[in-house]
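Heads up: the sequence shown runs through residues 1091 to 1928, numbered per the working numbering.
Note that the Cβ used here is the ideal one computed from N, Cα and C, for glycine as well.
Here's the structure, in structure tokens; my notes come after.
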Amino acid sequence: MNDKILNRVQKSSRYLGAELGSRPKDPRTVDISLALAFPDVYEIGMSHIGFAILYSLLNDLDWIAAERVYAPWPDLEAELRAAGEPLRALESQRPLSDFDLIGFTLQYELSYSNLLNMLDLAGIPRRREQRDASHPLIMVGGPCAFNPEPLADFYDFAVIGDGEEAVVEVCERVRQGRNEGWSRETLLLRLADIDGVYVPSLYRVSYHEDGRIAALTAAPGAPQRVRRRFLTDLENAPYPTAPIVPFMNTVHNRVAVEVARGCTRGCRFCQAGYIYRPVRERSPQRIADIVDESLRHSGYSEVSLLSLSTGDYSRLEPLLKGLMGCHEAGQVAISLPSLRVGSLSAEMMEEIKKVRKTGFTLAPEAGSERLREVINKGISEADLLAATEAAYALGWRVIKLYFMIGLPTETDEDRRGIIELAARVKRTGRGTEGGADANVSVSTFVPKPHTPFQWEAQIGVEETLARQNQLREGLKKRKLRLKYHEARMSLLEGVFARGDRRLGRLLEAAVEASCRFDGWGEHFDFSRWQQAFAATGIDPHWYLRQRDEEEILPWDHIDCGIPKSFFLAERRRSIQGDYTADCRHGDCHGCGLCDFDSLRVRLSERDELTPPRLPAAPSPVADGRFKIRLRLRKEGRARFVSHLEFMTAFHRAVRRAQLPIRYSEGFHPTPKISLPDALPTGFCSDAEIIDLELFRPLPAERIIVDLNRQLPPGFEILAAAAVAWKTPSPSASIESSRYRVELPADAPADLAGRCADFLAAEEVIGRRQKKGGTIEVDLRPPVIELALREQTLWITLRKGSPLPVAAHLLGLPPEAARDLEIRKVEVRMRDGLDCFSN
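Put into structure tokens, the structure is as follows:
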């Protein structure tokens, strides 16, 4: 991707690659190249731990090169189309069409349009039958692959279930096929021999006149049902400990450690609770080792302990105490994003809040005890209120509550229960210091495949809006806020969640109508989907209907490991309000999944934890006060890293270098690092001035070496010097900055005269770009000097950006001026503050 395109898009750091922890390989030195594709924007995809696991384990094999690609935001898509540029992978910038395999992870039904759009941008035919041996094989996986039918026309094969072992076997089979000269058809048939691999071209679907499925038929040599792939032992499974550290802030910008996989609580609406069974835990010691290595390699200051229900991790209390004992002094926070009422004791909450309080979120799901029994939630109102009272007492100010509407058997009374329960939660915080509040979030129940509720109806848009309005008005009276999922998005999610192959033409029609990023409110346009429904004659409500128990479901040939008979029995128990207990600590309830040998519940059996301690951590109350001033260079693609992103990247480099940095005092301690005024994105610099406040002295030469080892490519410390403790900040120390502007070939012939006129004028009205357009400003006051030497313009400013000045002198519109090559070459310090020789 050329640099001019990067200059024109927002958040260009999404597309740079070369992040710390990325692992580029020369494609000429490997047998198989695989592009891991996430059909959503970078900051979402970079937060997905499954993606990171596959990236790491594949690149650990010397014969595979795994690279990443994410859905380009619409501004980049427009630039790529205008320039005729293909979509490229981050590491090598190779076009996607050059890869052997492209593997899409399917996390959310509303990302399907992005998948097709990414194929279009890569120049790869959408439909499977339009591709030949010159095209990459298209693979899909992830939770949405458990109903792989809506996308069946577009991919070559799916990996069902855990991917760590299966994806490696797929790559081995592809390599074998290439070495032995197999045809594409033969290769797909051989891929279908791998456990967990589904090849849709080997299955035929026929339909009744009323639209229901009449038969699902496997071709000779293909399995009648494709059984989900299982990773039986999580403890010894590979896990990345040198994570990719993005330049930009992503959704989950922290060390993420999967402490357990699977859940056996048996919530009847929850697909993940069934498709990820059985529960498999990592030991506290293994988790602590992963955390320690990941913090050292990343420089993050927060750790997130991940699982479907982290509060259910059997050794959570010793794990939390051990981690906090090791990392509290290093200002590392521990967050548990998935909590269950009753699973977190007051003692554990005390541990979490020692550094800083992360969010506190609970999911009652339903507003009444009766409906919680229907869905098998297994929590009581008393448990919930006890948990929130403890959280408020320990200092949490806001608690988030998640509910669903449209659950089977839901009544008005159940919805009123949501309002009353939220109000009671808020009341449990009365009298606590700083006040207490509760936020309510509501989503619409979407029946998912491989759950006891897969046969149930989903409420439509009008009913969803009516129920949302009922909650909004009721909560408003209690001075509570409501967030809710967009009703039309929920309709689409429901259509594709339980859809069949006939939805392929609907999806194509929607993409042709420019549907993109359908899970994003600012881009979702339901009218385009309505056009697609009308053009294809597909009725969305047919897919939202209740299904007959005898009906063949589109995913019946996908075996999640739990038989349909168990789901039917659970459905009937839900009608009766019967509770099905969690099997991890009690009797087996006969879901049919475990073989009680290799495939079984695996809970950690050891409490002891001796995590290695980091070197002496910074202390915000240390007596020593020492200041080091740095001069840093920023060039190459690093110039597209914004000022705020650079601040974050630099802070993490300081943590990785284990410098004795001082921290501020207060509730949210921050490192004492002072940076200069923002350098405009796209500019190079040889003179970024940064101050570090240390609690013990270090030689300047050592700081240069240690930091340069940790900075991402394109950033380099050029000089360092000790300065007096009370030296003003970089912004207050700098008197002026000098910039070099490389002139374009068509620069005005009278540029020297323009510069002279500019300097002679008392006022020069020009234009400066702001969000939403341009504004008129006086450009003259900050300009100290203008000079012209051959094909170079030199601008010296007291403050601000040289871009509007250069644009005015060259007669360029502000947006075109961004293509200029501009470098800050030096800064002039105020009297007595210059510690560098330029």
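Run of the beta strand (DSSP E) containing residue i, from where it starts to where it stops
i     : result
G1863 : G1863 to D1868
Q1859 : I1855 to K1860
L1452 : T1451 to E1455
Y1160 : I1154 to Y1160
V1335 : Unbroken run through V1335: none, as it is neither H nor E.
Three-state secondary structure (DSSP) of residue i
i     : result
S1425 : strand
G1584 : helix
Q1666 : helix
C1360 : coil
G1611 : coil
S1399 : coil
K1101 : coil
V1445 : The predicted position of V1445 is uncertain, since its pLDDT is 49 and thus under 50; a value taken from the coordinates is nonetheless stated next. Reduced to three states, the DSSP call for V1445 is coil.
A1706 : In this predicted model, A1706 has a pLDDT of only 47, less than 50, meaning its place in the structure is not dependable; the value taken from the coordinates is given anyway. Coil, per DSSP.
D1677 : coil
A1212 : helix
E1371 : strand
S1224 : coil
T1738 : helix
I1495 : strand
D1502 : helix
S1775 : strand
T1518 : coil
Opposing strand residues paired with residue i [DSSP bridges]
i     : result
N1529 : K1490 and R1571
A1930 : No information on residue 1930 is available, as it lies outside the stretch 1091 to 1928 that the chain covers here.
P1761 : Y1753
R1562 : Partner(s): none; R1562 has no beta bridge.
F1194 : A1127 and V1230
W1884 : R1830 and A1877
D1985 : The chain is shown only over 1091 to 1928; residue 1985 falls outside these bounds and no answer can be derived.
V1917 : S1827
Y1288 : A1248
A1809 : R1721
L1110 : V1335
I1122 : I1154
E1392 : A1423
E1911 : E1832
D1649 : R1317
D1700 : The question names Asp, but residue 1700 is Thr in the sequence shown. Answer is none; T1700 lacks a bridge partner.
I1303 : Y1297 and I1642
Of the residues the options, the one placed nearest residue i, counting alpha carbons only
i     : options                       : result
D1190 : R1265, S1203, H1138 and R1217 : R1265
G1611 : L1597, R1263, H1575 and R1367 : H1575
M1229 : I1780, T1400 and L1205        : L1205
F1535 : K1516, P1498, P1542 and G1507 : P1498
P1185 : P1226, Q1220 and R1217        : P1226
G1564 : M1919, A1513, I1780 and A1526 : A1513
E1383 : L1869, Y1329, P1872 and D1188 : Y1329
P1892 : Y1829, G1856, I1865 and D1909 : Y1829
V1464 : A1556, K1889, T1554 and R1662 : R1662
D1116 : S1694, A1790 and S1182        : S1182
A1632 : F1607, D1093, T1670 and W1545 : As written in the sequence, residue 1632 is Trp, which differs from the Ala given in the question. Checking every option, the nearest Cα to that of W1632 belongs to W1545.
R1367 : S1373, Q1375, L1555 and C1357 : C1357
E1853 : T1864, R1870 and A1842        : R1870
T1058 : Q1375, A1896, A1256 and R1588 : For residue 1058 there is no data in the structure shown, the boundaries of the chain being 1091 and 1928.
S1470 : A1483, P1454, L1484 and A1480 : P1454
D1921 : G1804, P1894, S1391 and I1824 : I1824
E1553 : V1295, P1537, L1581 and H1540 : L1581
Residue i beta carbon near the ligand GDP (any heavy atom closer than 6 Å)
i     : result
C1261 : In the structure shown, the ligand GDP is absent, as is every other ligand, since no ligand is present at all.
Supposed close pair residue i, residue j - CB separation, criterion 8 Å
i     : j     : result
A1168 : V1120 : So it is not a contact: roughly 33 Å between Cβ atoms.
I1334 : S1112 : 5 Å
L1170 : L1180 : In fact, because the Cβ distance is near 14 Å, the residues do not count as touching under 8 Å.
S1775 : K1889 : Actually they are not in contact, since the Cβ atoms of S1775 and K1889 sit about 15 Å apart, beyond 8 Å.
I1508 : F1493 : 5 Å
P1240 : L1597 : 7 Å
Range covered by the alpha helix (DSSP H) that runs through residue i
i     : result
I1139 : I1139 to N1149
T1626 : F1616 to T1626
V1347 : Careful: V1347 lies outside any alpha helix (DSSP H), inside the beta strand (DSSP E) at V1345 to E1348.
E1463 : E1459 to V1464
Chain C contact for residue i (CB, 7 Å cutoff)
i     : result
V1230 : Judged by its chain identifiers, the structure shown contains no chain C, having just a single protein chain.
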